[in-house]
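Chains as they are written, first to last, in the numbering used here: chain A, 19 to 114; chain B, 2 to 384.
Note that CB positions come from ideal geometry on N, CA and C, so glycine has one too.
Reading through the structure tokens given below for one structure.
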Amino acid sequence: MSPKKQEKLPMDIGAVIKEPGSSIKNKTGSWRSLRPEVNRDQCIKCGICWQFCPDMSIKMDKKDGTAVIDYDYCKGCGICAMQCPVKCIKMVKEEK
Amino acid sequence: MIKKVIEASEAVAIGAKLCKPDVIAVYPITPQTHIPEKIANFVYDGKMDCELVDVESEHSALSACQGAQAAGARTFTATASQGLALMHEVLFATSGLRLPVVMAVANRALSAPINIWNDHQDSISARDSGWIQFYVESAQEALDTMIMAFKVAENKDIMLPAMVCLDGFTLTHVYEPAQIPEQKEVDSFLPPYKPLFTLDPKKPLTMGPIGYPNSYMDFKLQQQQAMQKALTVIKQVQQEFLKRFKRTYGNGLIEAYKTKDADIAVVAMGTICSTTKDVVDELRKKGRKVGLIKIKTFRPFPEADILDATKNLKAIAVLDRNISLGQEGAVYSEIKAVLKDCKTRADSYIVGLGGRDVTPNTIKTAIDKTSKSKNPIKEWLMQ
Numbered sequence: 019m020s021p022k023k024q025e026k027l028p029m030d031i032g033a034v035i036k037e038p039g040s041s042i043k044n045k046t047g048s049w050r051s052l053r054p055e056v057n058r059d060q061c062i063k064c065g066i067c068w069q070f071c072p073d074m075s076i077k078m079d080k081k082d083g084t085a086v087i088d089y090d091y092c093k094g095c096g097i098c099a100m101q102c103p104v105k106c107i108k109m110v111k112e113e114k
Numbered sequence: 002m003i004k005k006v007i008e009a010s011e012a013v014a015i016g017a018k019l020c021k022p023d024v025i026a027v028y029p030i031t032p033q034t035h036i037p038e039k040i041a042n043f044v045y046d047g048k049m050d051c052e053l054v055d056v057e058s059e060h061s062a063l064s065a066c067q068g069a070q071a072a073g074a075r076t077f078t079a080t081a082s083q084g085l086a087l088m089h090e091v092l093f094a095t096s097g098l099r100l101p102v103v104m105a106v107a108n109r110a111l112s113a114p115i116n117i118w119n120d121h122q123d124s125i126s127a128r129d130s131g132w133i134q135f136y137v138e139s140a141q142e143a144l145d146t147m148i149m150a151f152k153v154a155e156n157k158d159i160m161l162p163a164m165v166c167l168d169g170f171t172l173t174h175v176y177e178p179a180q181i182p183e184q185k186e187v188d189s190f191l192p193p194y195k196p197l198f199t200l201d202p203k204k205p206l207t208m209g210p211i212g213y214p215n216s217y218m219d220f221k222l223q224q225q226q227a228m229q230k231a232l233t234v235i236k237q238v239q240q241e242f243l244k245r246f247k248r249t250y251g252n253g254l255i256e257a258y259k260t261k262d263a264d265i266a267v268v269a270m271g272t273i274c275s276t277t278k279d280v281v282d283e284l285r286k287k288g289r290k291v292g293l294i295k296i297k298t299f300r301p302f303p304e305a306d307i308l309d310a311t312k313n314l315k316a317i318a319v320l321d322r323n324i325s326l327g328q329e330g331a332v333y334s335e336i337k338a339v340l341k342d343c344k345t346r347a348d349s350y351i352v353g354l355g356g357r358d359v360t361p362n363t364i365k366t367a368i369d370k371t372s373k374s375k376n377p378i379k380e381w382l383m384q
């Protein structure tokens with residue numbers, strides 16, 4: 019999503035946002051140039067990536083307990099891949 | 002109303018007390034220290050009902066005021082020089098968030114070399130931060146401007162922070178007689194602060210979101226429009242103040258002193274104006290047609306008022322207690338721009354940096370040089 023397509027802020031004085039939920043609408047995943055890909059067979063379900071993710075874009079699967087990336091909001095910082103103790107997260111180049 | 006001989010710093014503290022701020026967060030720095038000292042006395046003596054926050058830096062002082070103001074409090078702080086420089090990034094956030102914090106600035110030079118004395122470099126360097134800037138010349142004006150500053154800043158069409166700038170030592174440490182208004186008079190002049198939005202866990206909202214390229218500029222335009230509107234509101238507030246308290250400082254934006262029939266006028270800000278008024282009186286006794294235009298409000302800049310006051314003059318001597326290194330004095334730049342289509346010539350004199358005295362002789366030198374010259378002058382008066 020380019021900045022042009024971003025939703026415009028309401029024009030209240032001081033850029034105040036009176037309704038909650040604007041960060042859900044703002045899908046920051048479009049900023050990503052590298053995407054984390056989890057090898058769920060190797061994942062040991064430790065949750066370290068979930069703890070370190072600065073954007074709360076990793077969830078632990080309710081059924082099998084492995085890490086799942088939320089690509090709507092993941093900016094591709096790579097912290098999860100760096101922290102993974104079994105190196106099961108790879109950063110892969112985003113291509114159109 | 003009581004008339005007392007007080008230090009100008011105390012006048013600022015009394016001004017703050019009369020405006021009943023809920024929160025004051027402040028960090029001491031020379032030559033501002035007497036202001037928070039006096040306020041601390043008021044608070045600990047139970048004469049002032051406010052939360053006085055001792056913070057670890059000026060960056061925190063303004064941040065704390067900003068947070069409290071966002072929660073609906075009226076706030077005040079004071080600083081100088083390096084302290085104002087340390088606040089720099091917070092200044093822009095305060096104005097962008099449209100939080101009408103009021104701050105006293107005890108004008109002092111910036112390092113290096115280290116210097117604790119007066120010039121206007123600190124607040125001039127914060128010129129573009131979106132704060133209203135008032136420059137005062139006496140203890141009485143400092144006190145009165147505090148009250149007016151809150152009223153202007155908190156006007157619902159303005160909602161911008163304001164600085165009350167007073168010359169360090171040259172004014173902050175000077176004792177002068179001043180009239181102290183009655184609390185009930187101030188209460189009826191300055192109603193309680195009514196925020197447009199308030200941080201409240203029961204009714205959550207976001208302050209300070211990201212402004213993408215598609216909206217950032219729109220908010221800057223809103224700030225600029227509020228600044229332009231402040232030109233009118235400042236005049237109105239000064240008028241209202243005059244009616245109630247019988248004191249006025251020009252029209253609130255500028256004060257033209259004996260300029261009606263003048264050929265030459267000095268343009269200056271702060272305490273230099275008091276000295277210049279004496280010089281003007283003295284030279285007029287000798288038949289010289291001189292005057293003074295004091296700029297009280299530097300931001301927003303009163304372009305129309307200055308044009309009106311200067312267009313019939315032959316020449317102007319601008320005394321700048323600051324220097325935009327690589328160019329010229331900041332006030333001179335403004336005046337030159339205002340006069341671009343006029344015959345009036347503007348000369349630039351840099352004076353009084355780092356506490357160098359600006360004496361009647363300094364001012365006379367500038368007036369003499371401007372009177373005699375046929376070409377524009379740009380000079381530093383080093384005497």
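Judged by their CB atoms, residue 119(B) and residue 78(B) are not nearer to each other than the 8 Å cut-off.
Rounded to the nearest angstrom, the gap between the Cα atoms of residue 129(B) and residue 164(B) is 13 Å.
Fully contained in the segment 297-379 of chain B are the following alpha helix (DSSP H) runs of length 4 or more, in chain order: 304-311, 331-339 and 361-373. For residue 72(A), the closest Cβ of chain B is not nearer than 8 Å.
Taking 7 Å as the upper bound on Cβ-Cβ separation, chain B lies near no residue of the segment 75-99 of chain A. Chain A has no Cβ within less than 8 Å of the Cβ of residue 251(B). Around residue 52(A), no beta-carbon contact reaches into chain B at under 9 Å, the shortest distance being about 22 Å.
Boundaries for residue 63(A): no alpha helix (DSSP H) harbours it, and the DSSP string shows neither H nor E there. By the beta-carbon neighbour count (other beta carbons within 10 angstroms, threshold 16), residue 276(B) is buried.
For residue 78(A), the pairing in a beta bridge is given by DSSP as 85(A).
Residue 40(A) reaches chain B at 207 and 210, counting residues in chain order whose Cβ is nearer than 9 Å. Under the 8 Å criterion on CB atoms, residue 47(A) is classed as non-interfacial with respect to chain B. Within the same chain, Cβ atoms closer than 8 Å to the Cβ of residue 98(B) are found at 67, 71, 208 and 209, the five residues on either side in sequence being excluded.
Of the other Cβ atoms in all chains shown, fewer than 16 fall within 10 Å of the Cβ of residue 381(B); this residue is therefore exposed. Around the CB of residue 233(B), fewer than 16 other CB atoms lie within 10 Å, so the residue is classed as exposed. In the structure shown, residue 149(B) falls within a helical segment according to DSSP collapsed to helix, strand and coil. Residue 82(B) has its alpha-carbon roughly 13 Å from the corresponding atom of residue 60(B).
In this chain, residue 284(B) is not harboured by any beta strand (DSSP E); it is covered by the alpha helix (DSSP H) spanning 273-286. For residue 80(B), the enclosing beta strand (DSSP E) starts and ends at 76-80. Not flagged as an interface residue toward chain A: residue 64(B), since no C-beta distance is shorter than 8 Å. Taking all protein chains in view, the Cβ of residue 49(B) is crowded by 16 or more other Cβ atoms within 10 Å, so the residue is classified as buried. No Cβ of chain B is located within less than 8 Å of the beta carbon of residue 43(A). In the DSSP secondary-structure assignment, residue 215(B) is not bridged to any residue.
Spanning the alpha carbons of residue 195(B) and residue 97(A) requires a straight line of approximately 45 Å. Within the DSSP bridge table, the entry for residue 123(B) names no partner. Using a Cβ-Cβ cut-off of 8 Å, residue 198(B) counts as an interface residue toward chain A, since at least one Cβ of chain A sits closer than that to its own. Of the residues assessed, residue 305(B) falls on the exposed side of the cut-off, its CB having fewer than 16 other CB atoms within 10 angstroms.
Residues of chain A with a Cβ closer than 8 Å to the Cβ of residue 160(B) are, in chain order, 31 and 32. Distances from the alpha-carbon of residue 345(B) to those of 6(B), 316(B) and 331(B) put 316(B) closest. Taking a Cβ-Cβ cut-off of 7 Å, residue 92(B) has no neighbours in chain A, whose nearest Cβ is about 15 Å from it. In the DSSP assignment, residue 252(B) falls outside any alpha helix (DSSP H), carrying neither H nor E.
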